[in-house]
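A.B. asks: In the order they appear, the protein sequences are chains A and B.
Numbering of the first sequence is given in the working numbering, commencing with residue 56 and proceeding in unit increments.
Numbering of the second sequence is given in the working numbering, commencing with residue 56 and proceeding in unit increments.
There are 2 protein chains.
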Amino acid sequence: MADESLPQQLARQIRRDILRGKLVPGAPIKERDSASELGVSRTPMREAIRILAQEGLVYLRPSRSPIVAAPSIKEVVDQVELLILLETRSAELVCQFASDREIASIADIVRLMSERFDATDPLDMFEVDMSFHSAIAKASHNAPIAETHQRYLQRVWRARYMAAVQKRNRDKVVCEHREIADALAERDTAAAAHTIHGHLSHLVSDIRNALEAENAEQTGKARKSGRPE
Amino acid sequence: MADESLPQQLARQIRRDILRGKLVPGAPIKERDSASELGVSRTPMREAIRILAQEGLVYLRPSRSPIVAAPSIKEVVDQVELLILLETRSAELVCQFASDREIASIADIVRLMSERFDATDPLDMFEVDMSFHSAIAKASHNAPIAETHQRYLQRVWRARYMAAVQKRNRDKVVCEHREIADALAERDTAAAAHTIHGHLSHLVSDIRNALEAENAEQTGKARKSGRPE
DNA sequence: GTCTCAGTTTTGGTATACCAGAATGGATTG
DNA sequence: CAATCCATTCTGGTATACCAAAACTGAGAC
Chain A
56 MADESLPQQL ARQIRRDILR GKLVPGAPIK ERDSASELGV SRTPMREAIR ILAQEGLVYL
116 RPSRSPIVAA PSIKEVVDQV ELLILLETRS AELVCQFASD REIASIADIV RLMSERFDAT
176 DPLDMFEVDM SFHSAIAKAS HNAPIAETHQ RYLQRVWRAR YMAAVQKRNR DKVVCEHREI
236 ADALAERDTA AAAHTIHGHL SHLVSDIRNA LEAENAEQTG KARKSGRPE
Chain B
56 MADESLPQQL ARQIRRDILR GKLVPGAPIK ERDSASELGV SRTPMREAIR ILAQEGLVYL
116 RPSRSPIVAA PSIKEVVDQV ELLILLETRS AELVCQFASD REIASIADIV RLMSERFDAT
176 DPLDMFEVDM SFHSAIAKAS HNAPIAETHQ RYLQRVWRAR YMAAVQKRNR DKVVCEHREI
236 ADALAERDTA AAAHTIHGHL SHLVSDIRNA LEAENAEQTG KARKSGRPE
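#1: Given 8 Å as the limit, is there contact between the segment 149-163 of chain A and the segment 89-106 of chain B, that is, 3 or more CB pairs closer than that?
#2: Do the CB positions of A/ARG97 and A/ALA90 come within less than 8 Å of each other?
#3: Leaving out the 5 sequence neighbours to the left and right, which residues in its chain are closer than 7 Å to A/SER169 when beta-carbon positions are compared?
#4: Which term fits B/GLN134, buried or exposed, when burial requires 16 or more other beta carbons within 10 angstroms of its beta carbon?
#5: When burial is assigned at 16 or more other CB atoms within 10 Å of the CB, is A/ALA268 buried or exposed?
#6: Between which residues of its own chain and A/LYS129 is the CB-CB distance below 6 Å, once the five residues before and five after are set aside?
#7: Which word fits A/GLU284, buried or exposed, when buried means at least 16 other C-beta atoms lie within 10 angstroms of its C-beta?
#8: Please decide whether B/PRO99 counts as near chain A, where near means a Cβ-Cβ distance under 8 Å.
#9: Considering only the beta carbon of each residue, do A/GLU201 and A/LEU258 sit closer than 8 Å?
#10: What's the C-alpha gap between B/PRO199 and B/ARG206?
#11: Give the straight-line distance between the Cα atoms of B/ALA124 and B/ALA82, rounded to the nearest whole angstrom.
#12: Measuring only between beta-carbons, confirm whether B/ASN270 sits less than 8 Å from chain A.
#13: Between the Cα of B/SER195 and the Cα atoms of B/ASP226, B/LEU167, B/ALA66 and B/THR244, which residue gives the shortest distance?
#14: As a quick exercise: from B/LEU74, B/LEU141, B/HIS254 and B/VAL95, pick the residue whose alpha carbon is nearest that of B/ARG225.
#15: What does A/SER60 reach in chain B if we use C-beta pairs closer than 9 Å?
#16: Starting from B/GLN134, find everything on chain A with Cβ-Cβ shorter than 8 Å and list it in chain order.
#17: Spatial neighbours of A/GLU59 within its chain, please: C-beta separation below 6 Å, excluding the five flanking residues on both sides.
#18: Spatial neighbours of B/HIS188 within its chain, please: CB distance less than 7 Å, with the 5 preceding and 5 following residues excluded, ordered by chain position.
#19: For A/GLU288, go through chain B and note every residue whose CB falls closer than 9 Å to its CB, in chain order.
#20: Is it buried or exposed, A/MET211, if we count other Cβ atoms within 10 angstroms and call 16 or more buried?
#21: Tell me which residue opens and which closes the alpha helix (DSSP H) that B/GLU59 is part of.
#22: In three-state DSSP terms, what is A/PRO177?
#23: Counting only the same chain and skipping the five closest in sequence on each side, list residues whose C-beta sits under 6 Å from that of B/ALA236.
#24: Going by beta carbon distance, what residues of the same chain come within less than 8 Å of B/ALA265, once the five residues before and after it are set aside?
#25: Using the beta-carbon of each residue, which ones in chain B are nearer than 8 Å to A/LEU140?
#26: To the nearest angstrom, report how far apart B/THR250 and B/ILE139 are at their CA atoms.
#27: State the beta-bridge partners of B/VAL113 as determined by DSSP.
#28: Answer yes or no: do A/ALA247 and A/GLU147 have a C-beta to C-beta separation smaller than 8 Å?
#29: With a threshold of 6 Å on Cβ separation, who are the neighbours of A/PHE152 within its own chain once the five nearest residues in sequence on each side are excluded?
#30: When DSSP labels each residue in this structure, what does B/PRO199 get in the three-state scheme?
#31: Cβ of B/LEU137 less than 8 Å from any chain A Cβ?
#32: Should A/MET56 be labelled buried (16 or more other beta-carbon atoms within 10 Å of its own) or exposed?
#33: Look up A/ARG278 in the DSSP assignment and say whether it is helix, strand or coil.
#34: Hey, quick one: how far does the alpha helix (DSSP H) through A/LYS85 stretch, first residue to last?
#35: Kindly list the residues whose CB is nearer than 7 Å to the CB of A/PRO62, restricted to its own chain and excluding five residues on each side of it in sequence; keep chain order.
#36: In chain B, what lies closer than 9 Å to A/TYR207 by C-beta?
In structure tokens, the structure reads:
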């Protein structure tokens, strides 16, 4: 299990805490405390925090504690905007360059998703959903595009998850995924780009709704507990 | 001058050494040596190396010295491919969302470039060239796009520089830049995207030529010095 | 009662010491 | 003479100690 460096392990641990909501946006991450809590020294923990910072999950402030990122709605939407751009282009590249093998494995993910439709934990289900999109980016055979896609997919993970659990529209998602996979299988560049673009465009409004709902709830709570924004 | 953290200063120093060719691709960067050379301890130097690693200028190897990146031609081309995607989209977004002020400052860069046409150090000239492209990405008002663009612009800096000094086609570059700036000024989305795309597509072949030339030279040298590849 | 300011504490930034794994070089053996 | 193996050394990874700046707190003055 140690094929991952210590800082990467630490980063992964904290990342999970952030994405699952154990660490709330705005919370400080003190390197001393976090380090001793996980039984390591400050040096690797420091490096772990840098990793998360460059992933955009925490903000670094000069001479201050890093804090968990609290992206505004516009920031998240902009990130999804970039994902749309990358994934649409990926779809085109997949049609041109991916092997039949790779395209088949993308279709497999759709199948897996529709089979386990309602049996699994929503979080597991969600990871499958994300892996579908990752697989497309990876099959583009353009490493920088795949890397960047992966990076921003991580970053909007939380927002997408919230959107997914709010709107229980899994059947529509599976249907759209299937359309995308079909277009890729036929190597129909235009159709693939179009269906991907449509699928992700829906996502933007879903995410916007989910985040607005959350914000409203948050400010409501804050007002109640006597700490108005 | 100290509004930049120590690791960032160190990273900048080494970055210049790499881009100017003082540190050749494949050369190891030992954190002890580099640190003492610049009179600092290993900790900030270590962090500086991480910065360069995430910029893609050096490769990190587990339990080995980091080395100066030696990207293959395909890797560089893929990176430029991503830049084309981002910058083309940026041009569209600029037409939609940028302020007149921002568009004007882009035009200013073109003017600056044509004025100082042949007077300046090629490296300075080149930084102006890069700042033109950065300015477009930044004016897209989409931070993730601008960040990613900046990241990969840094990464292909060396390849672009070599392409630029090899082909002394500065006048064509300035001309194309002017066309782009004009399209943006008129907020002509289609024209802006088209001119940007064309400009950068030329770059791909220039870079490919420059790198192939360099590779040929390298292997020639290696063979001569009795260390065939 | 509130504002201010100094002393203390907390925190990130940096330097240094220690450790383990990899590389290297030389001696030994076939 | 070549190949191999062991010891030395070199290098990155980690832990710890120290420093300076920012923040908190509490006492004092207005």
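Idealized CB from N, CA, C, for every residue including glycine.
It should be emphasised that the depicted structure is a prediction, and the values quoted were computed from it without experimental measurement.
C.D. replies: Taking the definition as stated:
#1: no
#2: yes
#3: VAL229
#4: buried
#5: exposed
#6: none
#7: A caution first: A/GLU284 carries a pLDDT of 32, below 50, which makes its placement in the model unreliable, though a value can still be read off. It is exposed - the Cβ of A/GLU284 has fewer than 16 other Cβ atoms within 10 Å.
#8: no
#9: Reading off the sequence shown, one finds Ala at residue 201 of chain A, where the question assumed Glu. Contact flag unset, no.
#10: 10 Å
#11: 8 Å
#12: no
#13: B/THR244
#14: B/HIS254
#15: PRO117
#16: PRO199
#17: none
#18: GLU142 and LEU208
#19: As shown, chain A starts at 56 and ends at 284. That puts residue 288 of chain A outside it, with no answer to give.
#20: This sequence places Val at residue 211 of chain A; Met is not what is there. Per the 10 Å Cβ criterion, buried.
#21: Careful: B/GLU59 lies outside any alpha helix (DSSP H) and carries neither H nor E.
#22: helix
#23: ILE161, ALA162 and VAL165
#24: ALA214, MET217, ALA218, GLN221 and LYS222
#25: LEU140, LEU141, ARG144 and ILE200
#26: 11 Å
#27: B/VAL123
#28: yes
#29: HIS196
#30: helix
#31: yes
#32: Because A/MET56 carries a pLDDT of 44, less than 50, the predicted location of this residue cannot be relied on, and no value is offered for it.
#33: The predicted position of A/ARG278 is uncertain, since its pLDDT is 45 and thus under 50; a value taken from the coordinates is nonetheless stated next. Three-state result, A/ARG278: helix.
#34: Careful: A/LYS85 lies outside any alpha helix (DSSP H) and carries neither H nor E.
#35: PRO99, GLU102, ALA103 and ILE106
#36: PRO199 and THR203
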